[in-house]
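A short write-up of the structure that comes next.
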Amino acid sequence: MAITLTPELEAIVREDARLFGFENAGTYLAERLTAMHEQELFFSENRQEISAMIEEGWEQAERGELLSPEEAKLNLTKWKQEFLTKRSAA
């Protein structure tokens, strides 16, 4: 498949590939597209659970039951790792 980028996008891709240490623009694009695909897949497979967690968090915040930023990041990291483990086992 051949994909044509505008000169502006091509410059961004080349610059990002260089900045982030990729061999070339093709390798960079493959990595970014794969990451984006995994993220979209994660959200589509977990949309209801994510919405329920947001609603629960909102209700907790209204009651003054807040997590620290560190606790929130730890919870999200754990949840994502569980997803990736489950996904790789499938």
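Numbering of the sequence shown is given in this note's numbering, commencing with residue 8 and proceeding in unit increments. The beta carbon of each residue, even a glycine, is placed where N, CA and C say it ideally should be.
- Query: From E66 to T13, what does the alpha carbon distance come to, in whole angstroms?
  - Reply: Locating residue 66 in the sequence shown gives position 59, where the first residue counts as 1. Locating residue 13 in the sequence shown gives position 6, where the first residue counts as 1. Each residue's alpha carbon lies about 45 Å from the other.
- Query: Assuming F29 contacts N53 under a Cβ cut-off of 8 Å, what Cβ separation, rounded to an integer in Å, is found between them?
  - Reply: Here residue 29 refers to the residue found at position 22 of the sequence shown. Here residue 53 refers to the residue found at position 46 of the sequence shown. About 29 Å separates the two Cβ atoms, so there is no contact after all.
- Minimum length 4: unbroken alpha helix (DSSP H) runs contained in the stretch 36 to 64: Complete alpha helix (DSSP H) runs here, min 4: none at all.
- Task: Could you pull the start and end residues of the alpha helix (DSSP H) that A97 belongs to?
- Result: On the sequence shown, position 90 is the one that residue 97 refers to. A97 -> no alpha helix (DSSP H), and no H or E assigned at all.
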